[in-house]
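**Q** Going down the list, the protein sequences come from chains Z and D. As numbered in the working numbering, residues 1 to 426 make up the first sequence, in order. As numbered in the working numbering, residues 1 to 426 make up the second sequence, in order. Next up is a structure, given as structure tokens.
Protein chains: 2
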Amino acid sequence: MKRVIIIGVGFGGINAARTLAGQGLDVLLLDRNNYHLFQPLLYQVATAGLEQEAIAFPVRALIRGWAGVRFHRTEVTGIDLAQRQVQTTGGAHDYDYLVVAAGSETNYFGLERVQQAAYDLKQLNDAAALRNHILTLFERAAHEHNAEKRQALLTFVVVGGGPTGVEFAGALAELSRLLLRSDFPELEGANIRILLAEAADSLLLAMPKRLQEYARRRLEKMGVEVLTGAVVADATEVEVRLNDGRTIAAHTLLWSAGVRPAGLAAAIDAPRARGGRIIVQPDLSLAGRPEVFVIGDLAYLEQEGKPLPMMAPVAIQMGQYVGRAIVRLERDQALEPFCYFDKGSMATIGRNAAVANAFGVKLAGFPAWVAWLALHLYYLIGFRNRLVVLLNWAYDYFLFERQIRLITHERKVDKAAIGAPRTIQG
Amino acid sequence: MKRVIIIGVGFGGINAARTLAGQGLDVLLLDRNNYHLFQPLLYQVATAGLEQEAIAFPVRALIRGWAGVRFHRTEVTGIDLAQRQVQTTGGAHDYDYLVVAAGSETNYFGLERVQQAAYDLKQLNDAAALRNHILTLFERAAHEHNAEKRQALLTFVVVGGGPTGVEFAGALAELSRLLLRSDFPELEGANIRILLAEAADSLLLAMPKRLQEYARRRLEKMGVEVLTGAVVADATEVEVRLNDGRTIAAHTLLWSAGVRPAGLAAAIDAPRARGGRIIVQPDLSLAGRPEVFVIGDLAYLEQEGKPLPMMAPVAIQMGQYVGRAIVRLERDQALEPFCYFDKGSMATIGRNAAVANAFGVKLAGFPAWVAWLALHLYYLIGFRNRLVVLLNWAYDYFLFERQIRLITHERKVDKAAIGAPRTIQG
Chain Z
1 MKRVIIIGVG FGGINAARTL AGQGLDVLLL DRNNYHLFQP LLYQVATAGL
51 EQEAIAFPVR ALIRGWAGVR FHRTEVTGID LAQRQVQTTG GAHDYDYLVV
101 AAGSETNYFG LERVQQAAYD LKQLNDAAAL RNHILTLFER AAHEHNAEKR
151 QALLTFVVVG GGPTGVEFAG ALAELSRLLL RSDFPELEGA NIRILLAEAA
201 DSLLLAMPKR LQEYARRRLE KMGVEVLTGA VVADATEVEV RLNDGRTIAA
251 HTLLWSAGVR PAGLAAAIDA PRARGGRIIV QPDLSLAGRP EVFVIGDLAY
301 LEQEGKPLPM MAPVAIQMGQ YVGRAIVRLE RDQALEPFCY FDKGSMATIG
351 RNAAVANAFG VKLAGFPAWV AWLALHLYYL IGFRNRLVVL LNWAYDYFLF
401 ERQIRLITHE RKVDKAAIGA PRTIQG
Chain D
1 MKRVIIIGVG FGGINAARTL AGQGLDVLLL DRNNYHLFQP LLYQVATAGL
51 EQEAIAFPVR ALIRGWAGVR FHRTEVTGID LAQRQVQTTG GAHDYDYLVV
101 AAGSETNYFG LERVQQAAYD LKQLNDAAAL RNHILTLFER AAHEHNAEKR
151 QALLTFVVVG GGPTGVEFAG ALAELSRLLL RSDFPELEGA NIRILLAEAA
201 DSLLLAMPKR LQEYARRRLE KMGVEVLTGA VVADATEVEV RLNDGRTIAA
251 HTLLWSAGVR PAGLAAAIDA PRARGGRIIV QPDLSLAGRP EVFVIGDLAY
301 LEQEGKPLPM MAPVAIQMGQ YVGRAIVRLE RDQALEPFCY FDKGSMATIG
351 RNAAVANAFG VKLAGFPAWV AWLALHLYYL IGFRNRLVVL LNWAYDYFLF
401 ERQIRLITHE RKVDKAAIGA PRTIQG
């Protein structure tokens with residue numbers, strides 16, 4: 001039986017495995033986490049809207065009905081393309097086909113001090129740690145009598161005006177309003193500052209101009225200060241410095257200004273594009289290695305003269321394509337080149353407010369928001385998770401209530417201690 | 001306005017605060033956690049049946065409608081009975097009345113190596129850490145070829161045959177069956193050993209003989225090895241040694257063999273009973289200090305010649321009593337002595353199986369199990385939490401499915417790092 005190894009259980013890896021199930025192949029999924037993570041909702045975990053368990057699904061439960069698919073929780077340490085072997089902390093595995101779907105990690109562009117001080121939203125722990133941090137700051141602010149120090153505790157800087165930055169800033173504005181109104185009478189009259197810094201001259205660059213402007217207006221209406229043309233140059237735990245010299249006293253910096261290929265990319269001997277993504281052939285294989293496929297955020301492929309974006313829908317379609325491609329190769333059938341079908345993109349800003357651009361239709365406001373909710377529920381894996389998410393959303397929407405405002409740990413999770421730094425899932 | 005300080009937001013503290021709300025007093029609740037924890041369900045978090053967020057409720061959300069009640073998240077560092085002052089890491093607070101409801105912590109009876117190696121179920125983090133640990137062992141066992149090492153990974157020792165030990169052992173047996181049947185085809189034929197060690201000669205000592213025997217039979221039927229008259233003398237991360245010299249190769253030791261008063265008890269200058277609990281007057285006040293009340297697990301009071309047990313129902317009734325007592329004192333009314341009304345006790349063993357002893361009625365099996373479910377749902381705080389718990393229970397019952405089998409952290413939580421050792425909530 002031919003052996004397929006898939007590295008990573010993100011959107012790409014899971015879809016490849018699902019497509020390969022029941023095709024008479026021995027499929028081995030490898031990841032350091034035992035769950036598939038629905039990253040698009042991480043920002044809601046970070047803003048006390050969802051429990052982390054609601055957006056993760058155990059891989060072994062997922063693959064139970066997928067004939068021929070196995071899972072091994074391990075860390076991939078190397079890939080030997082010549083020997084067709086994957087090295088892991090749990091031993092080496094030979095393959096006939098390899099699918100590398102290791103995803104991406106946050107890109108701090110070499111700003112080490114910023115990396116030290118900032119939070120990001122890539123891993124499940126990141127989101128819970130950020131929630132604990134935000135709630136702890138409110139608790140501290142409630143008993144801080146020095147006005148300047150209190151303002152710094154209640155100032156939040158978000159870097160990056162893409163969907164993650166916009167969604168987090170909006171959700172944080174709503175959480176802050178809830179905390180002020182319901183939880184912290186001590187903070188009456190306090191000014192909670194949320195700054196959204198974007199290097200370019202508008203938010204949501206991938207969106208049409210009209211939707212960009214709607215998003216900005218809407219965020220500003222919610223009290224978010226949008227700084228375009230603003231680049232963060234340095235940060236400590238209590239201060240953020242922009243490259244125009246301005247400094248902002250703030251205890252929170254969320255970095256969502258960029259991603260880069262996961263560290264595992266370095267283990268693959270293949271040409272790279274700018275940014276480090278691995279250049280793949282039109283069928284997503286490596287040049288000269290038709291048995292090795294690289295998909296998702298790791299892969300660099302141009303379509304209509306533009307590189308495909310590092311987004312979940314691309315990874316999903318690539319995963320499905322590669323699954324079918326391997327089956328075709330086994331049947332000695334020729335491969336059509338991969339073609340990404342762009343269904344559009346969307347971002348939610350807050351209650352009743354989102355933007356969506358799909359199939360040439362540009363939506364803003366309530367209809368986009370309903371579409372966003374429906375789509376995210378649809379793509380979330382697991383009926384129980386959907387129910388829990390729906391329950392939380394209903395509570396938030398109708399009762400203006402978020403019950404996950406729990407400080408479950410006191411400090412930023414020490415990633416070295418929990419072994420999370422060199423992730424292989426994006 | 002008279003100031004009441006309540007230390008601890010467990011069952012005792014919360015009930016005292018609720019009773020004091022709207023009585024024209026300034027009530028300040030202090031705790032290091034910002035949530036009330038429903039400890040009786042911790043074992044279900046540890047066995048992947050519930051997410052930790054479902055059994056915690058934010059204090060500030062709880063007290064929102066309680067007139068005159070405030071919350072301060074802080075650590076209590078000292079109590080000055082003469083000056084009527086509580087010292088905290090966030091400053092000192094004067095009081096007119098003090099209610100100490102700091103609860104209990106795990107008692108390792110001086111076995112330091114055991115403490116180092118063992119898990120316990122007192123804090124929210126403990127339960128999630130134990131779940132991560134158990135699931136990680138299964139993942140490791142799936143790829144362990146050495147039979148002896150594999151058996152040690154799959155051997156779980158539970159110490160203490162009280163409700164926590166019995167409930168955890170039963171729930172672990174059910175989780176193991178689910179993991180073997182659905183998740184780990186690699187472990188087909190593996191022998192998962194769960195040993196429940198109790199120093200006395202039967203389980204559930206507070207229960208009638210018939211129910212003790214039912215619990216033992218039922219556990220044994222589920223594959224749990226019940227060792228009565230067994231005392232754990234030492235343990236490392238890979239081995240448990242009994243005081244008769246037997247050693248058991250096991251990577252997991254859950255310690256539920258005893259509790260002792262929280263460390264804060266040392267800060268109170270008052271006579272202690274054996275075990276360190278603070279001796280209180282019949283009205284739960286300290287001798288010579290009518291303005292200071294000690295309640296819950298911290299308090300030592302005899303009723304009908306026996307000390308009141310360290311259990312949630314006692315804490316709840318003491319909290320309510322003290323709330324009423326302070327109101328009476330303010331009105332110059334005399335205090336009746338506290339009288340615990342024993343509604344009985346219960347413990348669940350597994351699916352359709354529990355024991356209950358209430359109002360002279362002894363129930364075992366399905367009716368006790370239904371009563372257990374209903375009562376725990378009733379006492380859980382928050383409608384959302386009840387729905388989430390009910391949803392999880394329904395999934396588990398009808399679909400034999402637990403979706404929280406996620407390894408969210410890799411290692412035992414370093415309690416020093418997250419600042420959790422000197423808890424003031426039990």
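Glycine residues also receive a C-beta, built at the ideal position from the N, C-alpha and C atoms. These figures come from a predicted structure and were not determined experimentally.
Considering Cα atoms alone, identify which of 266(D), 294(D), 128(D) is closest to residue 279(D).
**A** To locate residue 279(D), count along the second sequence from 1; it is residue 279. Selected option, being the one with the closest Cα: 294(D).
**Q** Check whether the Cβ atoms of residue 387(D) and residue 391(Z) sit closer than 8 Å, and answer yes or no.
**A** Numbered from its first residue, the second sequence carries residue 387(D) at position 387. Numbered from its first residue, the first sequence carries residue 391(Z) at position 391. Cβ distance < 8 Å, so residue 387(D) and residue 391(Z) count as in contact.
**Q** CA-CA distance, residue 145(Z) and residue 140(D)?
**A** Translated into positions along the first sequence, residue 145(Z) becomes position 145. Translated into positions along the second sequence, residue 140(D) becomes position 140. Their Cα atoms are separated by approximately 51 Å.
**Q** Using a Cβ-Cβ cut-off of less than 8 Å, give me the residues of the region 46-62 of chain Z that come near chain D, in sequence order.
**A** Those residues of the region 46-62 of chain Z that come within reach of chain D (Cβ to Cβ, closer than 8 Å) are 51, 52, 53, 54, 56, 57, 58, 60, 61.
**Q** If you measure between the beta carbons of residue 7(D) and residue 13(D), is that distance less than 8 Å?
**A** Taking the first residue of the second sequence as 1, we reach residue 7(D) at position 7. Taking the first residue of the second sequence as 1, we reach residue 13(D) at position 13. In this structure, residue 13(D) lies closer than 8 Å to residue 7(D) by Cβ.
**Q** Helix, strand or coil: how does DSSP classify residue 420(D) here?
**A** One-based indexing of the second sequence puts residue 420(D) at position 420. Because residue 420(D) sits at a pLDDT of 34, beneath the cut-off of 50, its placement in the model cannot be relied upon, and the following sentence gives the value as read from the coordinates. In the structure shown, residue 420(D) sits in coil (DSSP, three-state: anything other than H, G, I, E or B).
**Q** Output yes if chain Z places a C-beta closer than 8 Å to the C-beta of residue 182(D); else output no.
**A** One-based indexing of the second sequence puts residue 182(D) at position 182. So yes, residue 182(D) belongs to the interface.
**Q** Given this structure, state the Cα-to-Cα distance separating residue 222(Z) from residue 321(D), to the nearest angstrom.
**A** Here residue 222(Z) refers to the residue found at position 222 when the first sequence is read from its first residue. Here residue 321(D) refers to the residue found at position 321 when the second sequence is read from its first residue. Straight-line Cα distance between these residues: approximately 46 Å.
**Q** Tell me, which residues are paired with residue 269(Z) by DSSP?
**A** Position 269 of the first sequence holds residue 269(Z). According to DSSP, residue 269(Z) bridges with nothing at all.
**Q** List the endpoints of the continuous alpha helix (DSSP H) containing residue 174(D).
**A** Taking the first residue of the second sequence as position 1, residue 174(D) is located at position 174. Segment 163-178, the alpha helix (DSSP H) holding residue 174(D).
**Q** Comparing alpha-carbon positions, which option in 364(D), 159(D), 316(D) lies nearest residue 214(D)?
**A** Translated into positions along the second sequence, residue 214(D) becomes position 214. Residue 214(D) has its Cα closest to that of 364(D), out of 364(D), 159(D), 316(D).
**Q** Taking beta-carbon pairs under 8 Å, can you tell me which members of the region 77-103 of chain D lie near chain C?
**A** Note that chain C does not occur in the displayed structure, where the protein chains are Z and D.
**Q** Can at least three beta-carbon pairs, one atom from the region 200-218 of chain Z and one from the region 344-359 of chain Z, be found at a separation below 8 Å?
**A** Contact holds: three or more Cβ-Cβ distances are below 8 Å.
**Q** Using 8 Å for Cβ pairs, my map puts residue 100(D) next to residue 30(D). What's the rounded Cβ distance?
**A** Your numbering for residue 100(D) matches position 100 in the second sequence. Your numbering for residue 30(D) matches position 30 in the second sequence. That belief does not hold up - the Cβ atoms of residue 100(D) and residue 30(D) are roughly 10 Å apart, past 8 Å.
**Q** So, does the CB of residue 125(Z) fall closer than 8 Å to a CB anywhere in chain D?
**A** Along the first sequence, read from residue 1 onward, the residue named residue 125(Z) stands at position 125. Answer yes: the Cβ-Cβ gap between residue 125(Z) and chain D drops below 8 Å somewhere.
**Q** Residue 324(D) and residue 299(D): beta carbons closer than 8 Å?
**A** Numbered from its first residue, the second sequence carries residue 324(D) at position 324. Numbered from its first residue, the second sequence carries residue 299(D) at position 299. In this structure, residue 299(D) does not lie closer than 8 Å to residue 324(D) by Cβ.
**Q** Assign residue 13(D) to one of three DSSP states: helix, strand, or coil.
**A** Taking the first residue of the second sequence as 1, we reach residue 13(D) at position 13. Three-state DSSP puts residue 13(D) in a helix.
**Q** Please list, in chain order, all residues of the same chain as residue 237(D) whose beta carbon is under 7 Å from its beta carbon, the five residues on each side excluded.
**A** In the second sequence, counting from the first residue as 1, residue 237(D) sits at position 237. Closer than 7 Å at the Cβ level, and outside the excluded window around residue 237(D), lie 117, 251.
**Q** Hey, out of 330(D), 317(D), 260(D), whose CA is closest to residue 291(D)'s CA?
**A** Looking up residue 291(D) in the second sequence gives position 291. Ranking 330(D), 317(D), 260(D) by CA distance to the CA of residue 291(D) puts 330(D) first.
**Q** Could you name the residues of chain D that residue 33(Z) contacts, counting a contact when the two beta carbons are closer than 9 Å?
**A** The residue labelled residue 33(Z) in the question sits at position 33 within the first sequence. Under the 9 Å cutoff, chain D gives 406, 407, 408.
**Q** On a Cα-Cα basis, can you pick out the residue from 319(Z), 225(Z), 317(Z), 340(Z) that is closest to residue 305(Z)?
**A** Locating residue 305(Z) in the first sequence gives position 305, counting from the first residue. Between residue 305(Z) and the set 319(Z), 225(Z), 317(Z), 340(Z), the nearest pair of CA atoms involves 340(Z).
**Q** Given a threshold of 16 other Cβ atoms within 10 Å of its Cβ, counted over all protein chains shown, does residue 156(D) qualify as buried or as exposed?
**A** Position 156 of the second sequence, counted from the first residue, corresponds to residue 156(D). By the 10 Å Cβ count, residue 156(D) comes out buried.
**Q** Looking at chain D, is there any beta carbon in it that lies within less than 8 Å of the beta carbon of residue 139(Z)?
**A** As a working mapping, residue 139(Z) is identified with position 139 in the first sequence. By this cut-off, residue 139(Z) is an interface position.
**Q** Count the C-beta pairs between the region 222-233 of chain D and the region 283-290 of chain D that are closer than 8 Å, then say yes if the count reaches three, no if not.
**A** no
**Q** Taking C-beta pairs closer than 7 Å, name the residues in chain D that residue 135(Z) reaches, listed in chain order.
**A** Your numbering for residue 135(Z) matches position 135 in the first sequence. Those are 34, listed as they occur along chain D.
**Q** Return the first residue and the last residue of the beta strand (DSSP E) that residue 67(Z) is part of.
**A** Along the first sequence, one-based indexing puts residue 67(Z) at 67. No beta strand (DSSP E) holds residue 67(Z); DSSP gives it neither H nor E.
**Q** With DSSP run on the structure shown, which of helix, strand or coil describes residue 342(D)?
**A** Stepping through the second sequence from its first residue, residue 342(D) is reached at position 342. Residue 342(D): coil per DSSP, three-state reduction.
**Q** If the criterion is Cβ atoms closer than 8 Å, does the pair residue 38(Z) and residue 296(Z) meet it?
**A** Numbered from 1 along the first sequence, position 38 holds the residue referred to as residue 38(Z). Numbered from 1 along the first sequence, position 296 holds the residue referred to as residue 296(Z). Not closer than 8 Å, so no.
**Q** Between the Cα of residue 195(Z) and those of 107(Z), 265(Z), 367(Z), 239(Z), spot the shortest distance and give me the residue it belongs to.
**A** Here the question's residue 195(Z) lines up with position 195 in the first sequence. Out of 107(Z), 265(Z), 367(Z), 239(Z), 239(Z) has the C-alpha closest to the C-alpha of residue 195(Z).
**Q** Just the chain Z side, please: which residues come within less than 9 Å of residue 382(D) by C-beta, in chain order?
**A** Position 382 of the second sequence, counted from the start, is the residue given in the question as residue 382(D). Residues of chain Z passing the Cβ test: 403.
**Q** Cβ atoms of residue 230(Z) and residue 197(Z): under 8 Å apart, would you say?
**A** Along the first sequence, read from residue 1 onward, the residue named residue 197(Z) stands at position 197. Along the first sequence, read from residue 1 onward, the residue named residue 230(Z) stands at position 230. In this structure, residue 230(Z) lies closer than 8 Å to residue 197(Z) by Cβ.
**Q** Just reading off the alpha helix (DSSP H) that residue 31(Z) is part of, what are its end residues?
**A** Residue 31(Z) sits at position 31 when you count from the first residue of the first sequence. Element bounds for residue 31(Z): not the alpha helix (DSSP H) but the beta strand (DSSP E), 26-31.
**Q** Would residue 391(D) pass as an interface residue toward chain Z - the criterion being a Cβ-Cβ separation below 8 Å?
**A** As a position in the second sequence, residue 391(D) is number 391, starting the count at 1. Yes, residue 391(D) counts as interfacial toward chain Z.
**Q** Around the Cβ of residue 378(Z), are there at least 16 other Cβ atoms within 10 angstroms (buried) or fewer (exposed)?
**A** The count along the first sequence starts at 1 and reaches residue 378(Z) at position 378. Burial call: exposed.
**Q** Less than 8 Å between CB atoms is the rule here; does residue 143(Z) satisfy it with respect to chain D?
**A** Here residue 143(Z) refers to the residue found at position 143 of the first sequence. Yes, because at least one Cβ of chain D sits closer than 8 Å to the Cβ of residue 143(Z).
**Q** Within 8 Å, do at least three Cβ pairs link the region 120-132 of chain Z to the region 402-410 of chain Z?
**A** yes
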